[in-house]
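Just remember that UniProt numbering sits 208 ahead of the position in the sequence shown, which is counted from 1.
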Amino acid sequence: SWTIASIVDDQIARIAAQIGQGRAICALSGGVDSAVAAALVQRAIGDRLTCVFVDHGLLRSGERGQVERDFVAATGVNLVTVDAADRFLDALAGVTDPEQKRKIIGREFIRVFEQAERDLKAEGDYRFLVQGTLYPDVVESGGGTGAANIKSHHNVGGLPDDLAFELVEPLRDLFKDEVRRVGLELGLPEMIVARQPFPGPGLGIRIIGEVTAERLATLRAADAIAREELTSAGLDNDIWQCPVVLLADVRSVGVQGDFRTYGHPVVLRPVSSEDAMTADWTRLPYDVLERISTRITNEVAEVNRVVLDVTSKPPGTIEWE
Ligand code: XMP
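As structure tokens, then:
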């Protein structure tokens, strides 16, 4: 049977054989899959790999640092970060429709990545593109379950075919848990390897209403508190993920100290799932819910109410948009 160490050695040898003396580029999303794929390729070809991380301004608190500091420290990989927050915010101005948001974010992502790719190609011949495609991704895209029609998913796997690259997909035979073990074997930080799923369009689809810099700051603060409390309660392995959603166009009356407030609600959406195709809402302990609610309403000025989503999937999807 295959041990993780032998999978790692085997993949490194295959990648080295495929790429030879060529150069490869890899779009990092901050997620587990692209990080592990990049780390494997880095072991095989060293500094002939360059990673590109597009900061679209829709990231959660701390995510950019995890990539720029922790991932680079663990792997020594060449990293180019593209600061594209203003560009994405401009493109999203005035947009409230979920599908339109998804399409805009996907389109801008491709444009930014293609520009980064042209800049790199001016310096050397990057012929290979690394992607963190997993075995379930391969099966799903062939299977056609119809789920793809519900939301247009955006991720770094969704780059257009006409990019003139040869693909390197070292995770194609692996399931998520194996990818995590490969990541640990390669010395990646626990923070990255144990990361729960996060959608490519990021916080952009967790603000119900127009996406603005102020609203992003509010949601980022609330989300960071929820994640902190779930982690310190030791619940990270019990939940699949817990989106925090800002109902930016809804206000409700509250009271804080002696003052009337008129702020926004956030929704906690903790879910348990095997594969995200179906999900159940997670029965989080009341004391944890209370700590999250108290801290968010105390620490995030614009939020005066925390509500819990108790809908399964179906009929609800995991994300609200
Ligand atoms: P839904 O909302 O469809 O989400 O129940 C199922 C899972 O997919 C994640 N998700 C995405 N992941 N790009 C991604 O990479 C996307 O556009 C996207 N939309 C949703 C979601 O977080 C959940 O884990």
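Ideal placement from N, C-alpha and C gives every residue a C-beta, glycine not left out.
Legend entry - C-alpha gap between Cys234 and Leu424, whole angstroms: 27 Å
Inset, instruction - Identify the continuous beta strand (DSSP E) that holds Gly239 and give its terminal residues. - result: Segment: none, Gly239 is in no beta strand (DSSP E) and carries neither H nor E.
Inset, instruction - Tell me whether Val285 is buried or exposed, calling it buried when 16 or more other Cβ atoms sit within 10 Å of its Cβ. - result: buried
Inset, instruction - Go through its chain and collect everything with a Cβ distance to Asp278's Cβ below 7 Å, but skip five positions before and after it. - result: Pro397, Met399, Ile400
Inset, instruction - Report the three-state DSSP secondary structure of Lys521 (helix, strand or coil). - result: strand
Legend entry - Start and end residues, beta strand (DSSP E) containing Thr289: 286 to 291
Legend entry - Proximity below 7 Å, CB of Gly395 to CB of Ala282: yes
Inset, instruction - Answer yes or no: do Glu386 and Thr341 have a C-beta to C-beta separation smaller than 7 Å? - result: no
Inset, instruction - Mark Gln464 as exposed unless 16 or more other C-beta atoms lie within 10 angstroms of its C-beta, in which case mark it buried. - result: exposed
Legend entry - Cβ pair count under 8 Å reaching 3, the stretch 308 to 316 against the stretch 424 to 435: no
Legend entry - Check: Glu527 C-beta below 6 Å from any heavy atom of the ligand XMP: yes
Inset, instruction - Return the CA-CA distance between Arg403 and Arg256, expressed in angstroms with no decimal places. - result: 27 Å
Legend entry - Chain-order list of residues whose beta-carbon lies under 6 Å from that of Ala245 (same chain, five-residue window excluded): Val338, Gly340, Pro378, Leu379
Legend entry - Assigned exposure category for Ser214 - 16 Cβ within 10 Å defines buried: exposed
Inset, instruction - Using 10 angstroms around the beta-carbon of Glu437, count the other beta-carbons present and answer buried if the total reaches 16, otherwise exposed. - result: buried
Legend entry - Any non-hydrogen atom of the ligand XMP within 6 Å of His472 CB: no
Inset, instruction - Could you check the C-alpha separation between Asp457 and Gly417 for me, to the nearest Å? - result: 6 Å
Inset, instruction - With 7 Å as the threshold, decide whether the Cβ of Gly340 is near any Cβ in chain B. - result: Annotation note: the requested chain B is absent from the structure, which comprises a single protein chain.
Legend entry - Where Arg513 sits in the DSSP three-state scheme: strand
Legend entry - Close beta carbons around Glu307, own chain, < 8 Å, minus the five adjacent residues each side: Lys359, Ser360
Legend entry - Between the CA atoms of Glu322 and Ala221 - distance to the nearest angstrom: 29 Å
Inset, instruction - Provide the residue span of the beta strand (DSSP E) that contains Ser214, from first to last. - result: Not the beta strand (DSSP E): Ser214 falls in the alpha helix (DSSP H), residues 212 to 227.
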